[in-house]
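Residue numbers (the numbering used here): -3 to 598.
So this is what it looks like as C-alpha cells:
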C-alpha cells in the first residue's frame, strides 16, 4: 500500500532541521516536519523513523504507521498539507461519471487506487487518488480519460470503496443490456471460453452483448445476496429470477430470441456440452466478482420450451459463522456445546433443502476444530473448505458414495465424522457402527421435525435398539427472514394470534405481555432492497434422547408420541414456538414464522 511520498527534495536528514525553515508554507516542507506540527510527534520519533528508513528503506509514513506512532487519518491529513490537496473522507458513488470510468479499466484503477470522478467547468477531470506521488499512473489516467486531471486525496480504503461502488453501478445494467439485444445481429457470438477465474468487472465493454448480460446478471445476484439464479424459458419469452433470503423474485425478462445464446454462454462457462439439449447436465463455474471468489453449481434440465438453468451461488470468501451467530439463544447454545463436546454418538440435523443444515454442521465442526482432534467429512458437494479438517466430496461415477467414504474413514483413525446426508440403510448402519465404536458422528436427514428423524431411520431398516443406543440428539431447523430494523412497523399482538400459532399456554402468557412484535414494512427501504426483510436466522427444535425417549424408541413408537414425551415438562421447545419467541424479541415477524413452519403443524 502506498502511504506517503518521498519525492520531495526537502526531506531533512534530521527532524530538527525543520526549525530552520519555520517560515516555509506547509506544502514546501518535508513530511516529517508536517507530522511534528499536525500530529504532535516529537522530532526524536521522526529521527528514529528516518534512521530506520536509511537502514532498511521504505517510506516514512509506512514506518510510522507500522510503529503505531500515527493513525492513517493523521498521515493523510499530513499528505494533504504536503501536496496542497483537498482530503475527502468518502467519495459519493452517485457523483462518479459513468462515461469517465468506462475509459479506465477497473484493474488499473484498483492497482493504482485512482478514480476519475467528474468533469470540472475548466475542462479538467477531477480524480481521487490515494498516492499523489504515482505520477506515472496519473499521467496514464490522464491519457485514458482524454483530459487534464485535477487531484483530490483520499485514503486507500475510501478510494477502493468508491471504485467498487462506481464500477458496481456501471455493471448493474441488466435491463439495458436486454434492451440492447434487440438490435444485435448475431446472438450466437459467444467468443471465448472462461478457463480461469477472472473478475467479471474487469472485462472490457467491448465484449459481446450476451457475455456482458450474463456477467451483469451474475454480478447483480451477488450484490443482492441471492443464493440462486433461475433462468426459465417460456413460450414467448423467458424469465430470470433470484432467490433472496429464501424467496424468489423476478428480475428481468429477456426476449425469446436471446434464449439459446444466454443458455449456451452459461453452459460454456460451466464446461457443459452446448450441443446436448435433451438431457440434464451438471457443471461448475468459478468466477471472481469485485475481488470475491464465487463458486457456482450449475444445473440444466430440458423443458417443453427449452433448457431451464439453475445456478447455486456460494461465496467462498464468506466468513464461516459461529454457533452464536446463526440463531441459537443462550439456553440452546449450552445444549449444543454439551452435545458437540461428547466423545461419541450421533447428532442428526433435519430439515428440507435450503434450511441451513450444512451451515449449522460447519459451525459445530468449527467450534470443536482443534489440533488434538482428527475431523473428517464426506459431503455432496464440499460447500466450504475448513482449514484443519479433511473433507471428501462424493463421486458416484467412481462409486465413492457416502457409505463407501464413511467405511474408509473408519480406517483413518477419526475422532469426529460428518456425513453430508444419511440416505440409505447402508450409510445409516455404518454411521451407527462408527458412533458405537467411540466416534462422534454428525449427519442430516430429511424430515419435518426432530422426532421424525427417529422414525425415518427405522423406516430405512435400522433396528430400533441401534437407534436408541447411538442417537444422542436430533435437531430440526428452518430459516426465517429477519425483519428490517430500519423500516419495521410495530405490531400489537393479540391472544388469538398466539393461540393460532399453537404455542403452550405458559409461553403464550409470557409473550403476550412481554413480547415486542413487529411487522415487515410492505414498502421496505433501501437497506432491505424494499422487501421489508434483510438476512435470515435459524429457528430450532432440539430433542435430546434421554431415558424416556429411548424407551419409546425401543418400543418402535410413532413420532407423534415421541414428540409428546419430548416436550413434556418443557424439555423441548417446538420449532414454531422457537420462531414465535424470536418474533417476540423483534427479530422476525409472526407471518414469517407461520409461513416457514406450516408443514410442522399436523
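Quick reminder that beta carbons are idealized off the backbone N, C-alpha and C, glycines included.
Model, not experiment: these values are computed from the prediction.
{"Item": "Does residue 215 pass the burial test, meaning 16 or more other C-beta atoms within 10 Å, or should it be called exposed?", "Value": "buried"}
{"Item": "Assuming residue 137 contacts residue 112 under a Cβ cut-off of 8 Å, what Cβ separation, rounded to an integer in Å, is found between them?", "Value": "7 Å"}
{"Item": "Would residue 559 pass as a contact of residue 445 if the rule is Cβ separation under 8 Å?", "Value": "yes"}
{"Item": "Output the distance between the C-alpha atoms of residue 539 and residue 556, rounded to the nearest integer angstrom.", "Value": "13 Å"}
{"Item": "In three-state terms, what does DSSP make of residue 2?", "Value": "Confidence at residue 2 is low in this model, with a pLDDT of 37, below 50, so its placement is unreliable and the value that follows should be read with caution. In the structure shown, residue 2 sits in coil (DSSP, three-state: anything other than H, G, I, E or B)."}
{"Item": "Here's a check: name, in chain order, each residue in its chain whose Cβ is nearer than 6 Å to the Cβ of residue 360, leaving out the five neighbours to either side.", "Value": "336"}
{"Item": "Give the C-beta separation of residue 480 and residue 530 to the nearest angstrom, bearing in mind that I take them to be a contact with Cβ-Cβ under 8 Å.", "Value": "5 Å"}
{"Item": "Taking DSSP as the reference, what is the three-state secondary structure of residue 333?", "Value": "helix"}
{"Item": "Which runs of the alpha helix (DSSP H) at least 4 residues long sit entirely within the segment 393 to 446? Give them in chain order.", "Value": "398 to 405 and 421 to 432"}
{"Item": "Nearest-angstrom Cα distance between residue 183 and residue 414?", "Value": "Below a pLDDT of 50, predicted positions are generally treated as unreliable, and residue 183, at 46, falls in that range; the measurement from the model is reported next regardless. Taking the straight line joining both Cα atoms gives about 46 Å."}
{"Item": "Would the segment 406 to 425 and the segment 505 to 524 be scored as touching if the rule is three or more Cβ pairs under 8 Å?", "Value": "no"}
{"Item": "Would you check if the distance between the CB atom of residue 114 and the CB atom of residue 91 is smaller than 8 Å?", "Value": "yes"}
{"Item": "Residue range of the beta strand (DSSP E) that residue 310 falls in?", "Value": "302 to 311"}
{"Item": "Roughly how many angstroms lie between the CA atoms of residue 448 and residue 151, to the nearest whole one?", "Value": "56 Å"}
{"Item": "I want to know whether the segment 58 to 68 touches the segment 118 to 130 - three or more CB-CB distances under 8 Å.", "Value": "no"}
{"Item": "Counting only the same chain and skipping the five closest in sequence on each side, list residues whose C-beta sits under 7 Å from that of residue 546.", "Value": "464"}
{"Item": "Compute the Euclidean distance between the alpha carbons of residue 133 and residue 104, then round it to the nearest angstrom.", "Value": "9 Å"}
{"Item": "Pull the bridge partners of residue 224 from the DSSP assignment, please.", "Value": "239 and 308"}
{"Item": "Based on the DSSP output, what are the partners of residue 467 in its beta bridges?", "Value": "342"}
{"Item": "Could you tell me whether the Cβ atoms of residue 588 and residue 454 are closer together than 8 Å?", "Value": "no"}
{"Item": "At what residues does the beta strand (DSSP E) containing residue 114 begin and finish?", "Value": "110 to 115"}
{"Item": "Beta strand (DSSP E) containing residue 539: first to last residue?", "Value": "529 to 540"}
{"Item": "Taking 7 Å as the limit between beta carbons, can you name the residues of its chain near residue 355, skipping five residues before and five after?", "Value": "317 and 322"}
{"Item": "Output needed for residue 97: all residues of its chain with C-beta closer than 8 Å, excluding positions within five of it in sequence on either side, in chain order.", "Value": "105, 111, 112, 162, 163 and 166"}
{"Item": "In angstroms, rounded to a whole number, what distance separates the CA positions of residue 604 and residue 298?", "Value": "This structure leaves residue 604 out entirely; the chain is present only between -3 and 598."}
{"Item": "Report buried or exposed for residue 243, applying the criterion of at least 16 other Cβ atoms within 10 angstroms of its Cβ.", "Value": "exposed"}
{"Item": "If I'm right that residue 233 touches residue 211 with Cβ under 8 Å, what's the distance once you round it to whole angstroms?", "Value": "That pair is no contact at about 21 Å."}
{"Item": "Do residue 593 and residue 515 count as a contact pair if the criterion is CB distance below 8 Å?", "Value": "no"}
{"Item": "When the Cα of residue 460 is compared with those of 290, 550, 343 and 88, which residue comes out closest?", "Value": "550"}
{"Item": "Can you check which of these residues, 278, 372, 310 and 301, is closest to residue 219 by C-alpha distance?", "Value": "310"}
{"Item": "Between which residues of its own chain and residue 185 is the CB-CB distance below 7 Å, once the five residues before and five after are set aside?", "Value": "In this predicted model, residue 185 has a pLDDT of only 45, less than 50, meaning its place in the structure is not dependable enough to derive any value."}
{"Item": "To the nearest angstrom, how far is it from the Cα of residue 600 to the Cα of residue 484?", "Value": "Summary: the structure shown does not reach residue 600, with the chain confined to residues -3 through 598, and so no result is reported for it."}
{"Item": "Along the alpha helix (DSSP H) that carries residue 79, what are the first and last residues, could you check?", "Value": "68 to 79"}
{"Item": "In terms of residue numbering, what span does the beta strand (DSSP E) encompassing residue 294 cover?", "Value": "288 to 299"}
{"Item": "Tell me where the beta strand (DSSP E) around residue 147 begins and ends.", "Value": "145 to 149"}
{"Item": "So what's residue 588 in DSSP terms, helix, strand or just coil?", "Value": "helix"}
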